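> Top to bottom, those sequences are chains U and S. The first sequence finishes on residue 902 if you use my numbering, and the numbering steps up by one all the way, no holes. The second sequence finishes on residue 1045 if you use my numbering, and the numbering steps up by one all the way, no holes.
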Amino acid sequence: MTTLQTQIPDQLIQQAQYLVQQGWVANIDDLIAEAMRRYLESHREAMTEQFIREDVDWGLHGQD
Amino acid sequence: MGRTNPIVIADAGPIIHLDELGYLNLLADFDEVLVPEAVWLEVERHRPLALKAVKDWLVRQPLGQHSAVVSALTPLYSLHAGEQEALHLCVEFGDCLLLTDDTAARLAAKSLNIAAHGTLGVLIRAIRRQRLTKVEVLALLDAVPKQTTLHVRPALLREVIANVEANAD
C-alpha cells in the first residue's frame, strides 16, 4: 500500500467522517480509495481520449 | 534514419493491433522491445502467428524484481497480469517507454512518471521516422476500425486523421 499525504477541505472530511460513523464505510482510508476508484471509472473514457491525443502529438513531434 | 535506443517495454495491445494491421515490424525501429512473459503468453493466445517468426528485436523478458509501488497500484487500477509485469519491468529498468493501449496501465504509468504511448502513436511516429509515408499511415489509421480490435471513437479517429493530414510532413 502507498501512504498519501494530502489536504482536504474541512467540510469534505467532516462529511466523510459522518459516513464512517454511520457505518457506511469502515474507515476514511477505504472511503478515499473507493472515491478514487469511482472517479477513475467515471473519467476513463475522457482519459483514453486524452491519451490518444498525446499519442498523436508524440507521433508527430516527439524526439524518440 | 537509424534506430532509437530507449528501453521499450510492450504490453499486448500494440503488438496485437500492429499485427492486425500487418505492421508489427514498425517496432523494429526500436533497438529492441522487451515483451514481459505474461504479455508474450497473452499475444500468443490472441494472435498465435504474431510471434512465431523469429524477430530479434522482440525479446521475451522474464520478470525480475517486483515493485512494491506497482503492487500497490494494481488493485486501484485493476491491472491485469501483463500490464503489471510491464510496469514492474519499467520500474526495474528505469528510463523506459511503455507501449500500451490500456487506459488503466497508462494511468498507472503516469503516476510512476513512466512515458507511455499506444498503437496510434507508433503508427504516426513512423512518418516522423521515415518508415512509412503520410499516405500509408493515413490509410492504416483509416483501417483501424475495420482491421483491428482497437476501439477508437469514430469522431476522435476522424480528428486524429485530420490532425495527421494537416501536420505531418
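For every residue, glycine included, the Cβ atom is placed at its ideal position computed from N, Cα and C. None of these values were measured; they are calculated from a predicted model.
Give me the subset of the stretch 995-1015 of chain S whose CB atoms are less than 9 angstroms from a CB atom of chain U, sorted by chain position.
Listed by position, the residues of the stretch 995-1015 of chain S near chain U (Cβ gap below 9 angstroms) are Thr-995, Leu-996, Gly-997, Val-998, Leu-999, Ile-1000, Arg-1001, Ala-1002, Ile-1003, Arg-1004 and Val-1013.
> Under 7 angstroms Cβ to Cβ from Val-919 (chain S), same chain only, skipping five residues before and after it: list those, please.
Only Ala-888, Ile-891, Ile-892, Ala-926 and Leu-927 meet the Cβ criterion.
> Per DSSP, what are the beta-bridge partners of Ile-891 (chain S) in this structure?
Ile-891 (chain S) is not bridged to any residue.
> Excluding five sequence neighbours on each side, which residues of the same chain lie with their C-beta closer than 6 angstroms to the C-beta of Arg-886 (chain S)?
Here the sequence assigns Ala to residue 886 (chain S), which means Arg is not the residue at that position. Counting only Cβ-Cβ distances below 6 angstroms, and skipping sequence neighbours, we find Val-909, Val-911 and Leu-975.
> Check each candidate in S:Val-1028, S:Val-935 and S:Val-915 and name the one with the smallest Cα separation from Leu-963 (chain S).
Measuring from the Cα of Leu-963 (chain S), the nearest candidate turns out to be S:Val-915.
> Taking Cβ to Cβ, would you say Gly-994 (chain S) is nearer than 9 angstroms to Arg-982 (chain S)?
Yes; because the gap between Cβ atoms is below 9 angstroms, this pair is in contact.
> Go ahead and label Pro-1030 (chain S) buried or exposed: buried means 16 or more other beta carbons lie within 10 angstroms of its beta carbon, across all protein chains shown.
Pro-1030 (chain S) should be labelled exposed.
> Anyone know if the C-beta pair for Pro-1021 (chain S) and Asp-902 (chain U) falls short of 9 angstroms?
Taking 9 angstroms as the Cβ cut-off, Pro-1021 (chain S) and Asp-902 (chain U) do not qualify as a contacting pair.
> Report yes if the C-beta distance between Ala-884 (chain U) and Ile-870 (chain U) is below 9 angstroms; otherwise report no.
Against a cut-off of 9 angstroms, the Cβ pair of Ile-870 (chain U) and Ala-884 (chain U) comes out as no contact.
> May I ask which residues mark the beginning and end of the beta strand (DSSP E) holding Gln-937 (chain S)?
Residues 934-937.
> Given a threshold of 16 other Cβ atoms within 10 Å of its Cβ, counted over all protein chains shown, does Arg-879 (chain S) qualify as buried or as exposed?
Low local confidence applies: a pLDDT of 48 at Arg-879 (chain S) is under 50, so the model's placement there is unreliable, with the coordinate-based value given in what follows. Exposed, by the Cβ-count rule.
> Against Arg-875 (chain U), what residues of chain S qualify as contacts under a CB-to-CB distance less than 8 angstroms, listed in chain order?
Near Arg-875 (chain U) (Cβ distances below 8 angstroms), the residues of chain S are Leu-952.
> Which residues, in chain order, does the stretch 922-943 of chain S contribute to contact with chain U at a C-beta distance below 8 angstroms?
So nothing in the stretch comes that close.
> Going along chain U, which residues have a C-beta under 9 angstroms from Pro-1030 (chain S)?
Correct list: empty, because the minimum Cβ distance to chain U is about 12 angstroms.
> Between Ala-985 (chain S) and the rest of its own chain, which residues show a CB-CB distance below 6 angstroms, the 5 nearest in sequence each way excluded?
Cβ within range, chain order: Leu-974 and Ala-992.
> Using DSSP bridges, identify the partner residues of Ile-1003 (chain S).
None; Ile-1003 (chain S) has no bridge partner.
> For chain S, find out if any of its Cβ atoms is closer than 9 angstroms to the Cβ of Thr-844 (chain U); answer yes or no.
Not one chain S Cβ lies under 9 angstroms of Thr-844 (chain U).
> Let me check understanding here. Comparing Cα to Cα, which of S:Asp-971, S:Arg-936, S:Gly-997 and S:Trp-933 lies closest to Glu-892 (chain U)?
That would be S:Gly-997, whose Cα lies nearest to the Cα of Glu-892 (chain U).
> List the residues of chain U whose Cβ lies closer than 7 angstroms to the Cβ of Pro-882 (chain S), in chain order.
Here the neighbours are Asp-902.
> Please classify Tyr-856 (chain U) as buried or exposed, where buried requires at least 16 other C-beta atoms within 10 Å of its C-beta.
By the neighbour-count rule (16 or more Cβ atoms within 10 Å), Tyr-856 (chain U) is not buried but exposed.
> For the alpha helix (DSSP H) holding Ile-866 (chain U), just list the boundary residues, first then last.
Ile-866 (chain U) -> alpha helix (DSSP H) spans 866-880.
> Scan the stretch 943-1015 of chain S and note each continuous alpha helix (DSSP H) run of 4 residues or more that stays entirely inside, going in chain order.
If we require 4 residues or more, the alpha helix (DSSP H) runs fully inside the stretch 943-1015 of chain S come out as 944-953, 957-969, 979-987 and 995-1004.
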